[in-house]
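Numbering (our numbering), first residue to last: 1 to 402.
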C-alpha cells in the first residue's frame, strides 16, 4: 500500500515536471517565432519602404501645396503640372512648412485685391518655398539649369540675366558652349561656367567645374581629345521649360519653380527667350560687371562719344552733356510685329513711341544727346529726322549720320 502511494505521488510529480518543462519550452518557442517574425517584417519594411504609398496626411499636404502654387502662378502647362505633382507626392521632405509659408504669401500678395509691394526680385512664389536637392547630374547637385541661346546680343543678355537671377535658389547653372562664339568678342568674362564634356581622372564625362583651363573656357569636346564619352548636349537629356503661356507673354514662372527644386532633380533648359526683368533687375550692379565690354570695344565707344560731344550743342553751357542710348530694331522686326501682334504699320507706331521717349528725356534733363543705333541705319535716320530733336546722332558700326 505504501509503495503504491509513493509510486502514485512520484508519478504525479513527474507528470507535473514534464508539463512545466513543456510550458516553458512553448513560451520560449513562441517568443522566438514572434521575434523572427518581427525581424522579418522590419526587414521587409526597410526593403519595400520606397514602394509603400505615401501616408494619407502627406498626400493631402502635397496636393494642397500643388493646388496653391498653381492658383498663385496661374500655370496650366500639362508637363509642368505633371512634374510638380510627381515631385511633391514622392519627396520624403516634410512639406508642411512650405504650405504654411505659401498660404501666408498668397493671402498677402496673390489675392484678388492684393497689391504686390515686395521689393525686387519679385519671385513667382515665396523664395523660401523650395525642396532640398536630392540628386546629382554628372557629379553636380541637381536641379541643373541652362538656357538655349536664341536671338541677337540683346536677347542673349536677357537670357543670361534671367539665368543669373536664379542664384536665389540652390540650383547649378551652366552656359551652353554654343553661346561662347556669340559673346567671346564682346564681354570680358561671364561668371556662370560653360557646360562642357570635361574629362576627369577616371576618364568619364563630367560637367564643369571639375575640369579646368581651356577646356572649361571654350568647351573643347572629348572627340578632339580622342576619348569617347557620352554626350551631354542632346535635347533628350534635358527637360525644356519655356514660357508659361507661350513666349510672347513674357512669363517664365515655371523656370523659377524648376530652380527651386519643385519640378524634381533634373536638368532643365530654359526656352522661349526668357526675360525675367522683375527677377534680374535686383542684380543690376552685378550684371553691369557681368556685361563689362572688352577694352577695345570700350575704347571705340569712348572715341565715338567724344566725336559726338564735339558736334553737339549745349542749351546750358554750365551743365554737362547727358548721353541717351537708343536702339531701333528693324529688318525682321516689322514682320514679327505683324505676325505676332497684328501691327502692320510699325513705322507709325515706332515714331509715336520714339517721340514720347525722346520728350521724356528732354523734359527731365538739359543738354541731352541721343546716340541712336540700328540694324537699318537709313530707315532709322529718316525716322529721327521727322522727329526733329536736336543733338540726335544715328550710327551703325563705322557709319555716322547726323
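Positions of the beta carbon are idealized from the N, C-alpha and C atoms, including for glycine.
Secondary structure of residue 269 (DSSP, three-state): strand. Secondary structure at residue 191: coil, using DSSP grouped into helix, strand and coil.
Classified as buried, residue 255 has 16 or more neighbouring CB atoms from the shown chains inside 10 Å of its CB. Where residue 313 is concerned, there is no enclosing alpha helix (DSSP H), because DSSP gives it neither an H nor an E. In the structure shown, residue 141 adopts extended strand secondary structure according to DSSP, grouped into three states. Inclusion of residue 149 and residue 268 in the CB contact set at 8 Å is not warranted, their separation being larger than that value.
Annotation for residue 183: the continuous alpha helix (DSSP H) segment containing it runs 180–183. Residue pairing of residue 327 in beta bridges, as defined by DSSP: 373. Three or more Cβ pairs closer than 8 Å define a contact, and the region 299–314 falls short of that threshold against the region 163–179.
Per the C-alpha coordinates, the member of 331, 325, 337 positioned closest to residue 357 is 325.
Contact between residue 291 and residue 187 is confirmed by a C-beta separation of about 6 Å, below the 8 Å threshold. Residue 393 sits in a strand when the DSSP states are folded into three classes. Between the C-alpha atoms of residue 293 and residue 264 there is a straight-line separation of about 37 Å. Counting only the Cα atoms, residue 239 lies some 29 Å from residue 284. Exposure of residue 154 is indicated by the presence of fewer than 16 other C-beta atoms within 10 angstroms of its C-beta.
With respect to the 8 Å criterion, residue 315 and residue 347 are not classified as neighbours on the basis of their beta carbons.
Judged by their CB atoms, residue 394 and residue 377 are nearer to each other than the 8 Å cut-off. Excluding five sequence positions before and after residue 359, none of the CB atoms of its chain fall closer than 8 Å to its own CB. Put simply, of 352, 335, 351 the residue whose alpha carbon is nearest the alpha carbon of residue 344 is 335. The residues 58, 61, 62, 65, 88, in chain order, have a CB closer than 8 Å to that of residue 95 in the same chain once the five nearest residues on each side in sequence are set aside. Note on geometry: alpha-carbon atoms of residue 70 and residue 297 lie some 46 Å from one another.
Excluding its 5 nearest sequence neighbours in each direction, residue 245 has C-beta neighbours in its own chain below 7 Å: 251, listed in chain order.
Setting aside the 5 residues that flank it on each side, residue 353 has no residue in the same chain whose C-beta is closer than 7 Å to its C-beta. Residue 73 places its beta carbon less than 8 Å from that of residue 253. Just so you know, the alpha carbons of residue 261 and residue 332 end up roughly 38 Å apart. Just so you know, the alpha carbons of residue 312 and residue 161 end up roughly 34 Å apart.
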